[in-house]
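Number of protein chains: 2
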Amino acid sequence: MSTGRFTPETTRLDDAARAGWLYYVAGNTQDEIARKLGVSRQSAQRLVAMAVSERLVKVRLDHPIGRCMDLAATLCDRFPLTTCEVVPSDPGAPELLTGIAIAAAALLEKTLRAPEPRIIAMGTGRALRATVEQLSRMECPQHKIVSLLGNVMSDGSATPYNAVIPMADRVGARHYPVPLPVLARDAEELRALHAQEPVRNSLALCAEADLTMVGVGQMDMSAPVLVDGFLRPAEMAELRAAGAAGEITSWVFDDRGHVIDCAHNRRVASAPLPRAADRPVIAVAVGESKIKAIRAALTGHLVNGLITNELTAERLIALP
Amino acid sequence: MSTGRFTPETTRLDDAARAGWLYYVAGNTQDEIARKLGVSRQSAQRLVAMAVSERLVKVRLDHPIGRCMDLAATLCDRFPLTTCEVVPSDPGAPELLTGIAIAAAALLEKTLRAPEPRIIAMGTGRALRATVEQLSRMECPQHKIVSLLGNVMSDGSATPYNAVIPMADRVGARHYPVPLPVLARDAEELRALHAQEPVRNSLALCAEADLTMVGVGQMDMSAPVLVDGFLRPAEMAELRAAGAAGEITSWVFDDRGHVIDCAHNRRVASAPLPRAADRPVIAVAVGESKIKAIRAALTGHLVNGLITNELTAERLIALP
DNA sequence: ATGCCCAATGGGCATTTGCTTAGTCAGTGG
DNA sequence: CCACTGACTAAGCAAATGCCCATTGGGCAT
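Residue numbers (this note's numbering), protein chains in the order written: chain X, 747 to 1066; chain W, 747 to 1066.
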């Protein structure tokens, strides 16, 4: 395009946006778009695809699917929740994260659009990672994004499902990766780590976060903490014997949602869970295997909000 | 079913919403949806279509261009326009010409790239001058560029915002500068001028132009015609008293877009305006002060295309 | 019971879309 | 100077989609 000579990057995205609008809003065919934009059909198709992949087009379903609304209402009723969102399940792939990721991203964006500075605290995990991938690019340097837990594994490598760094990148906010391991070697080392100035800063930010978003981990042999190597099978077995039902930012809790007093939790370097907080603390989780963990977290008021899907919600309600 | 009461309507809409969700959010194909919902593919397609037609799926474009496209669509809807382009305003300099100049230049280049000979008729003014400056250099001797109005001021000097000569220079096309003043001394002189062979040629070319591009002048004390000395303040006052709302290539029209029958217009030497033409006649204009003039030109179908910016488009739509 | 009406259904077909291959062209750097 | 890169276009194909139309079957009046 002729206008390309000024800001190739911007212009390309602009054209993608134009193509996306013509396609999704005006209902043009890609051929028409190609003609209107003066490019080949293939380019038009690329532009439309780019508008989607760059998350320029947001599809929202403006119909409360009766089922989902009922489930959300029931969950709010049964557990101490202030917000609850249930998205439809894909019957073929009920553990698909896309749906809850979109819902969670919409929630994050609502906070991020605020002109006043906000603090958003994030956990880690696949669900949050998927959430971040659904965020639009935006420019909000006024906000701070802080990690609830360290991103260093015991062997010194970075954790795989860190969400804070890509999130800060996408939305142009400042971020505070905590220079901490997930687990300290012992209580002694933990004290030393927490005494560091940057760590104390981060923890202080977490404590006053306007929005906290976390994943929920189950405590069985398919647990993320196990798969990702934070725990050895023997430790897992030990924790389960001690009544462990789930974990949030590595804090292991029992089936009533009480953080267990045990050796493991004494080594957890993560920010303390803001129990029964007045500000939103949202769990983002789906899956058959996580149901007990989610229920425990809700019961114990470790979170006050939940984003999940239809199937998981059904199972949560079906529990005795 | 989700609810105890049996409401076929609701259920059907719910299914539509579900199908829409699976299609647009989860990215299923209609075949998969059909399988998952246990209906035929055709029914799935009907459900998806219903989700759209019932406005259950809302598509939003998360990009500044989205708003511009919306505004353009509204303008096309409200006025008899076949093409309309709205470019983002620079919030700091909402009257900046660069944006619309780039858009207008892109439009010109699309025509200029045609291998068949084309005739492009150009008006004058700052906007068109800025447009020409955005044109890439190219070599298209097959086209003809003709001026809609003379480039000689009453004192014999050339008009400052001529666009045809630099345009022809940039794109390597033949051009037809009209050896005419902007205003004849009187109707008598006008007849004599228009009787000249080269003038008649030019006017004939204007009449069959494939693309006509003009600026729009307001009729107030900041008007270009006044600033550039084509009109004296007294004449301007007179015209305004006669209901003048704007001018295009010196033809002064009222707020319904009718060229006023007055002494001034009887002296105008410019090519006649191709009212309600079948070929594109594009106005290129921005600015708070031009809004009434633009609206009049659109209403009266003096042009069938508009290139403007976001702020001006908003104001045009906000007018009663 | 019979026939009719109408909405919903699914088959079939033309169009649209996503993607691949091959070729072109401008800019880049050795 | 030329090979290389990257991005584009053209052509074409298989899958996905949109839509027409004949069919079905339930509800309703006769």
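Here a beta-carbon is modelled for each residue, glycine too, at the ideal position from N, C-alpha and C.
Residue i versus the options, residue with shortest Cα-Cα distance
i	options	result
Asp1001/X	Val1032/X, Ala1017/X, Leu1019/X, Leu1048/X	Leu1048/X
Asn1011/W	Pro1020/W, Arg1021/W, Ile994/W, Asp1024/W	Ile994/W
Gly992/X	Gly975/X, Ala983/X, Asp966/X	Asp966/X
Val701/W	Val785/W, Val771/W, Leu793/W	Here chain W covers residues 747 to 1066 and nothing more, so residue 701/W does not appear.
Arg875/W	Ala914/W, Thr820/W, Cys822/W, Ala980/W	Ala914/W
Ala988/X	Asp1007/X, Asp1024/X, Gly975/X, Val785/X	Asp1007/X
Leu858/X	Ala941/X, Thr870/X, Cys886/X	Cys886/X
Met884/X	Ala873/X, Pro912/X, Glu935/X	Pro912/X
Glu879/X	Leu842/X, Leu821/X, Lys856/X, Arg801/X	Arg801/X
Val917/X	Ala955/X, Cys952/X, Ala818/X, Ala860/X	Ala860/X
Glu855/X	Asn774/W, Pro944/W, Asp808/W	Asp808/W
Gly975/W	Glu862/W, Thr905/W, Arg946/W	Thr905/W
Ala729/X	Arg1041/X, Val1030/X, Gly1051/X	This structure gives no information on residue 729/X, because the portion of chain X shown stretches from 747 to 1066.
Pro923/X	Pro810/X, Val910/X, Asp932/X	Val910/X
Leu881/X	Ala852/X, Arg758/X, Ala990/X, Tyr907/X	Ala852/X
Pro837/X	Val832/W, Trp767/W, Met815/W, Ala1009/W	Trp767/W
Ile811/W	Asp932/W, Pro1020/W, Val833/W	Val833/W
Val803/X	Arg813/W, Ala795/W, Ser786/W	Arg813/W
Contact list for residue i against chain X, beta-carbon separation under 9 angstroms
i	result
His921/W	Those do not exist, as His921/W stays about 20 angstroms from chain X at its closest Cβ, beyond 9 angstroms.
Arg792/W	By Cβ distance, chain X contributes nothing, its closest Cβ being about 16 angstroms from Arg792/W, past 9 angstroms.
Val959/W	According to the sequence provided, residue 959/W is Met. The question's Val does not apply to it. Going along chain X, no residue has its Cβ under 9 angstroms from Met959/W, so there is no contact; the nearest lies around 15 angstroms.
Other residues of its chain near residue i: CB distance less than 6 angstroms, five sequence neighbours each side excluded
i	result
Arg920/W	Lys890
Arg1013/X	Leu929, Ala930
Pro840/X	Leu1057
Leu843/X	Ala873, Ala876
Met982/X	Leu972
Residue i, DSSP secondary structure in three states
i	result
Ser1035/X	helix
Glu993/W	strand
Ser1067/X	The first residue shown for chain X is 747 and the last is 1066, placing residue 1067/X beyond what the model contains.
Ser789/X	helix
Ser903/X	coil
Arg1044/X	Going by the sequence as given, residue 1044/X is Leu instead of Arg. Three-state DSSP puts Leu1044/X in a helix.
Val892/X	strand
Arg931/X	coil
Leu1062/W	helix
Glu831/X	strand
Ile811/X	coil
Asp966/X	coil
Val971/W	helix
Pro863/X	coil
Gly845/X	helix
Ile911/W	helix
Arg806/X	strand
His1004/W	coil
Met982/W	helix
Leu926/X	coil
Ala1029/X	strand
Gly766/X	helix
Glu1056/X	helix
Thr749/W	In this prediction, Thr749/W has a pLDDT of 35, which is less than 50 and means its spatial position is unreliable; what the coordinates show is noted afterwards. Note: Thr749/W maps to coil in three-state DSSP.
Chain-ordered chain W contacts of residue i [CB-CB under 7 angstroms]
i	result
Tyr907/X	Under the 7 angstroms cutoff, chain W gives no residues; its nearest Cβ is about 22 angstroms from Tyr907/X.
Asp760/X	Ile811
Leu802/X	Leu807, Asp808, His809
Ala763/X	Leu807, His809, Ile811, Gly812
Ile848/X	Val771
Closer than 8 angstroms at the beta carbon, the chain W residues around residue i
i	result
Arg1061/X	Per Cβ cutoff of 8 angstroms: no residues; Arg1061/X is ~16 angstroms from chain W at best.
Ser882/X	Asp808
Ile1067/X	Any question about residue 1067/X goes unanswered here, given that chain X covers just 747 to 1066.
Chain X contact residues for residue i, given Cβ-Cβ distances below 8 angstroms
i	result
Lys856/W	Gly784
Leu768/W	Pro834, Asp836
Glu778/W	Gly838
Met913/W	By Cβ distance, chain X contributes nothing, its closest Cβ being about 14 angstroms from Met913/W, past 8 angstroms.
Chain-order list of residues whose beta-carbon lies under 7 angstroms from that of residue i (same chain, five-residue window excluded)
i	result
Arg764/X	Leu783
Ala790/X	Ala765, Gln776, Ile779, Ala780, Leu783
Leu793/W	Asp761, Ala762, Ala765
Gly1046/W	Phe999, Arg1002, Gly1003, His1004
Ala941/X	none
Chain-order list of residues whose beta-carbon lies under 8 angstroms from that of residue i (same chain, five-residue window excluded)
i	result
Ser1035/X	Gln964, Asp966, Ser968
Chain W contact residues for residue i, given Cβ-Cβ distances below 9 angstroms
i	result
Thr844/X	Val771, Ala772, Gly773
Closer than 7 angstroms at the beta carbon, the chain X residues around residue i
i	result
Met868/W	Those do not exist, as Met868/W stays about 17 angstroms from chain X at its closest Cβ, beyond 7 angstroms.
Answer yes if the stretch 853 to 867 of chain W comes into contact with the stretch 958 to 972 of chain W, meaning at least three C-beta pairs across the two stretches below 8 angstroms, and no otherwise.
-> yes
Given 8 angstroms as the limit, is there contact between the stretch 816 to 825 of chain W and the stretch 1050 to 1064 of chain W, that is, 3 or more CB pairs closer than that?
-> yes
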